[in-house]
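Right, one structure below, let's go through it.
Numbering (our numbering), first residue to last: 2 to 131.
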């Protein structure tokens, strides 16, 4: 199961690069914010359909969870806007490497210190090498 999750994560990363390249071109034609709006509108529609047809029932609703957990959704907007701008100026590859660097740095800090309610997983050379 672990290898399947790793492969799915790699596929997700590939999709982010494809999305960045497409959104960069779209943003140069229609504007950065319209490109971001389209991304989230289509994403909301597709996600709504997935929820309707496939999401199992949960005992908690979005209104029952701690409100800070709802803030995660707000990080998508700056990410998309930044990537639309960055891909136009520095290209998909450099923008993606910068994103990966930011993700690695922040995820190691979150794991090491147990930030945002996550379990603390101490930093080690083997984790760094992974």
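Ideal placement from N, C-alpha and C gives every residue a C-beta, glycine not left out.
Practice task
Quick one: grab the DSSP three-state call for residue 122.
Solution key: coil
Handout entry: 7 Å Cβ shell around residue 22 - same chain, five flanking residues per side excluded
Key = 88 and 93
Practice task
Identify whether residue 63 lies in helix, strand or coil by the three-state DSSP scheme.
Solution key: coil
Handout entry: Straight-line Cα distance separating residue 46 from residue 62
Key = 19 Å
Practice task
Please confirm if the region 37 to 53 is in contact with the region 93 to 104, defined as three or more CB-CB distances below 8 Å between the two stretches.
Solution key: Taking 8 Å as the limit for Cβ pairs, the verdict is that the region 93 to 104 does not touch the region 37 to 53.
Practice task
Could you check the C-alpha separation between residue 36 and residue 100 for me, to the nearest Å?
Solution key: 19 Å
Practice task
Can you give me the Cβ contacts of residue 110 inside the same chain, cut-off strictly under 8 Å, excluding the 5 residues immediately before and after it?
Solution key: 116
Handout entry: 7 Å CB neighbourhood of residue 18 in its chain, flanking five on each side removed
Key = 93 and 97
Exercise for the section: Use the C-beta contact count for residue 25: other C-beta atoms within 10 angstroms, 16 or more gives buried, fewer gives exposed. Expected result: buried
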